[in-house]
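Numbering (this note's numbering), first residue to last: 40 to 198.
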C-alpha cells in the first residue's frame, strides 16, 4: 500500500507495517530522526505502535500528514552525559519508558522528573553443574556486581 507523505514524497509500505517501522524507513531515506516527526490521518494523531491495517484505509493509496517537531532532548542528554541513547534507559517511577511510545502515552507532564539509568541487557552464566543462569546487567556493572547478582539468583556463595 503506497503512502503519500505531505511533502509529495512516496513510501511503499505493507498494510501490516507499524508506524515506528515506517518512521525508521523515513529516517534512513530522508535523514529525519524518527522522534522528530508525528503522523496524522484524518486529523488524528497516529501512535507509533499502530499498523496501517488498524487505520481502516480504503483503496490503494493513503495521504498522511507528517508534522515535523524537532526534539533534541535525546541529543541534549547525549551531549550532557557523553552516553549514546542506546546505553541508557529512562524511567518514570518504576516504569521503563519504551522508545517507540510517546511522552503523551506515559502522561508525562511539564517539570516531571525522569530517571536515567544505564541500559540493561542479559548475560548467561553456566554453573559448574552445567545449569545456565541468565542475569540482567548494565555496562557499568563490575565483576563484583555480577557475582553478587549471581549469588542472589542461586544462593551459591561466590568469592
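Built from N, CA and C at the ideal position, the CB exists for glycine as well.
Asked	Found
Helix, strand or coil: how does DSSP classify residue 158 here?	coil
Can you tell me the Cα-Cα spacing of residue 148 and residue 73, whole angstroms?	22 Å
For the stretch 122-142 against the stretch 160-168, do three or more pairs of beta-carbon atoms, one drawn from each stretch, fall closer than 8 Å, so that the two count as touching?	no
Three or more C-beta pairs under 8 Å: does that hold for the stretch 78-93 against the stretch 51-66?	yes
Using only the alpha-carbon positions, how far apart do residue 45 and residue 77 sit?	For residue 45, the predicted model reports a pLDDT of 49, less than 50, meaning its position is unreliable; a value from the coordinates is still stated below. Each residue's alpha carbon lies about 12 Å from the other.
Can you give me the Cβ contacts of residue 125 inside the same chain, cut-off strictly under 8 Å, excluding the 5 residues immediately before and after it?	158
Express the C-alpha separation of residue 70 and residue 101 in angstroms, rounding to a whole number.	22 Å
Quickly, what does DSSP pair residue 104 with across the bridge? List them, please.	79
With the cut-off set at 8 Å, would you say residue 128 and residue 156 are in Cβ contact?	yes
Under the three-state reduction of DSSP, which class applies to residue 49: helix, strand or coil?	strand
Rounded to whole angstroms, how far is the Cβ of residue 63 from the Cβ of residue 92, which I believe are closer than 8 Å?	Not quite, the Cβ-Cβ distance comes to about 18 Å (not below 8 Å), so this is no contact.
In the DSSP assignment, what residue or residues form a beta bridge with residue 57?	90
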